[in-house]
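Going down the list, the protein sequences come from chains Y and B. Heads up, the final residue of the first sequence is numbered 141 in this note's numbering, and it's a clean run with no missing numbers. Heads up, the final residue of the second sequence is numbered 1126 in this note's numbering, and it's a clean run with no missing numbers. All C-beta atoms, glycine included, are put in the ideal place defined by N, C-alpha and C. It should be emphasised that the depicted structure is a prediction, and the values quoted were computed from it without experimental measurement. Beneath this line is the structure, given in structure tokens, with notes to follow.
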Amino acid sequence: MTFRKYLVLAAVTLCAAVGDSLLSYGMKQVGGISPHRLYDIFLVILNPWIALGILFLLGFFASYMTALSWADLTYVLPATSLGYVLLTLVAKFWLHEQVSITRWLGILLISSGVGFVTQGPELTHRPKVRSAESAAVRVDR
Amino acid sequence: MNLLYTWSGIAAIVVASTSGDVLLSHAMKEVGDLGELRKQSGLIKVVGTVIRNRYFLLGLLAMTIAFYGLLFGLSWGDVSLVAPASASLTFVANAVAAKFFLHERVDHRRWIAALLVAGGVALLHG
């Protein structure tokens, strides 16, 4: 794993958490959407918080695709789940919400899971590719 | 009966979301390391290659179905059941699907990580 790859994983985590928070904040400003005026859902992007949230979620998608281009799905998903932890910490220390013991236990489990998966390799090396390469080497000889 | 609808909705979300993740992962492995490709051919060419990949488009479709499934699921069932159950089961389903469809080497470390994260997400949402 290079420093650039860790940055991409951090971008996946941060962009998802920030994007979700901005969308939630913006939707609370906009208020409920009536079932009789469903087309209002298209007008909510005029709210600057929602527009910014969408930009962050586009950033999440781009960095998620980048991470999947060089790492296994079973590596990327747990490694980027720290976003859940980040959201809870923001809720506790910035929004001053009450965080229960159960939620702290959830944070502990997620952090342990991230610790476990990031200790291992990020990509499965394909035996098929190796055997093809060795066959090519044998042919060359 | 309502509980049956709710769990059917959760199952649909998990299947659609897992299919989306697996298809997107397969697409990106076909395309190759985006960082390297961007250096070689530029950002526009990379974006063009990604959005022309059929597995990428199918993955996007599956993700869209999962998103609307979540909206429908939330309208049928309690948010305290639908959100944690679908999010945590998706982590476990992804580990199983990645092993069988993507042929990833899901060793004990990755199984433990998937189960810990799934349990943690369930506790956070619950």
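For this session: Say whether chain Y places a C-beta atom closer than 8 angstroms to the C-beta of Ile-1051 (chain B).
Result: No, no contact with chain Y.
Exercise. Does any residue of chain B bring its CB to less than 8 angstroms from the CB of Leu-23 (chain Y)?
Worked result: So no, Leu-23 (chain Y) is outside the interface.
For this session: Report the neighbours of Arg-1105 (chain B) on chain Y: residues whose CB is nearer than 7 angstroms to its CB, in chain order.
Result: Simply Thr-124.
Exercise. Which residues mark the beginning and the end of the alpha helix (DSSP H) in which Thr-1064 (chain B) is found?
Worked result: 1054–1076 is the span of the alpha helix (DSSP H), which, as asked, contains Thr-1064 (chain B).
For this session: Please decide whether Gly-19 (chain Y) counts as near chain B, where near means a Cβ-Cβ distance under 8 angstroms.
Result: In terms of beta-carbon proximity, Gly-19 (chain Y) stays away from the interface with chain B, with every pair separated by 8 angstroms or more.
For this session: Note down, in chain order, each residue of its chain lying with its Cβ closer than 7 angstroms to the Cβ of Val-1117 (chain B), except the 5 sequence neighbours on either side.
Result: Non-local beta-carbon contacts of Val-1117 (chain B) in its own chain, meaning distances under 7 angstroms to residues more than five positions away in sequence, involve Phe-1091 in chain order.
Problem set entry | Closest Cα partner of Val-117 (chain Y) within the set B:Val-1047, B:Val-1082, B:Arg-1109 and B:His-1103 | The shortest C-alpha separation from Val-117 (chain Y) is found at B:Arg-1109.
Problem set entry | N- and C-terminal bounds of the alpha helix (DSSP H) containing Gln-98 (chain Y) | Segment: none, Gln-98 (chain Y) is in no alpha helix (DSSP H) and carries neither H nor E.
Exercise. What do you reckon, are the CB atoms on Glu-1036 (chain B) and Thr-124 (chain Y) nearer than 8 angstroms?
Worked result: With respect to the 8 angstroms criterion, Glu-1036 (chain B) and Thr-124 (chain Y) are not classified as neighbours on the basis of their beta carbons.
Exercise. Going by Cα to Cα distance, which pick from Y:Leu-43, Y:Trp-104, Y:Lys-28 and Y:Thr-66 is closest to Ala-10 (chain Y)?
Worked result: For Ala-10 (chain Y), the nearest C-alpha among the options comes from Y:Thr-66.
Exercise. Thinking C-beta only, is Phe-60 (chain Y) closer than 8 angstroms to Ala-16 (chain Y)?
Worked result: Going by C-beta atoms, Ala-16 (chain Y) is nearer than 8 angstroms to Phe-60 (chain Y).
Problem set entry | chain Y contact residues for Gly-1042 (chain B), given Cβ-Cβ distances below 9 angstroms | Neighbours of Gly-1042 (chain B) across chain Y, judged by C-beta separation under 9 angstroms, do not exist; the nearest C-beta is about 15 angstroms away.
For this session: With Glu-1104 (chain B) as the anchor, note down where its alpha helix (DSSP H) starts and where it stops.
Result: Counting along the chain, Glu-1104 (chain B) falls outside any alpha helix (DSSP H), and DSSP gives it neither H nor E.
Exercise. From this set, B:Tyr-1005, B:Leu-1003, B:Ala-1012 and B:Gly-1042, which residue's C-alpha is nearest Ser-1086 (chain B)'s C-alpha?
Worked result: The option with the nearest alpha carbon to Ser-1086 (chain B) is B:Ala-1012.
For this session: Could you tell me which of Y:Phe-42, Y:Val-30 and Y:Val-76 sits nearest to Tyr-6 (chain Y), measuring between CA atoms?
Result: Out of Y:Phe-42, Y:Val-30 and Y:Val-76, Y:Val-76 has the C-alpha closest to the C-alpha of Tyr-6 (chain Y).
Problem set entry | Closer than 9 angstroms at the beta carbon, the chain B residues around Tyr-84 (chain Y) | Result: Ala-1087, Val-1117, Gly-1120, Val-1121, Leu-1124 and His-1125.
Problem set entry | Interface flag, Val-90 (chain Y) vs chain B, CB-CB below 8 angstroms | Chain B places no beta carbon closer than 8 angstroms to that of Val-90 (chain Y), leaving this residue out of the contacts.
Exercise. Exposed or buried, which one is Thr-13 (chain Y) when buried takes at least 16 other CB atoms within 10 Å?
Worked result: Counting Cβ neighbours within 10 Å, Thr-13 (chain Y) comes out buried, since at least 16 surround it.
Problem set entry | Straight-line Cα distance separating Leu-86 (chain Y) from Ala-1027 (chain B) | Near 29 angstroms, if we compare the C-alpha coordinates of Leu-86 (chain Y) and Ala-1027 (chain B).
Problem set entry | Asn-1094 (chain B) versus Thr-1018 (chain B): straight-line alpha-carbon distance, rounded | Rounded to whole angstroms, Asn-1094 (chain B) to Thr-1018 (chain B) spans 5 angstroms at the Cα level.
Exercise. Can you tell me the Cα-Cα spacing of Pro-48 (chain Y) and Val-30 (chain Y), whole angstroms?
Worked result: When rounded, the separation of the alpha-carbon atoms in Pro-48 (chain Y) and Val-30 (chain Y) is 11 angstroms.
Exercise. Using the C-alpha atoms, what's the distance from Gly-1020 (chain B) back to Leu-1102 (chain B)?
Worked result: The alpha-carbon of Leu-1102 (chain B) is positioned some 13 angstroms away from that of Gly-1020 (chain B).
Exercise. Is any beta-carbon of chain Y found at less than 8 angstroms from that of Phe-1091 (chain B)?
Worked result: Using beta-carbon distances, Phe-1091 (chain B) counts as an interface residue toward chain Y, with a partner under 8 angstroms.
Problem set entry | 8 angstroms Cβ cutoff, Arg-1054 (chain B) in contact with chain Y | Chain Y contact via Cβ: absent.
Exercise. For Tyr-39 (chain Y), which of helix, strand or coil comes out of DSSP?
Worked result: Assigned with DSSP and collapsed to three states, Tyr-39 (chain Y) falls in coil, not helix or strand.
Exercise. For Thr-88 (chain Y), which residues from the same chain have a beta carbon less than 8 angstroms from its beta carbon, with the 5 sequence-adjacent residues on both sides left out?
Worked result: Once the five neighbours on either side are set aside, the close Cβ partners of Thr-88 (chain Y) are Val-99, Arg-103, Gly-106 and Ile-107.
Exercise. What runs of the alpha helix (DSSP H), each 4 residues or longer, lie entirely inside the segment 32–91 of chain Y?
Worked result: If we require 4 residues or more, the alpha helix (DSSP H) runs fully inside the segment 32–91 of chain Y come out as 40–43, 48–70 and 73–79.
For this session: Answer yes or no: do Ala-79 (chain Y) and Val-114 (chain Y) have a C-beta to C-beta separation smaller than 8 angstroms?
Result: Their beta carbons are under 8 angstroms apart, which means Ala-79 (chain Y) touches Val-114 (chain Y) by this criterion.
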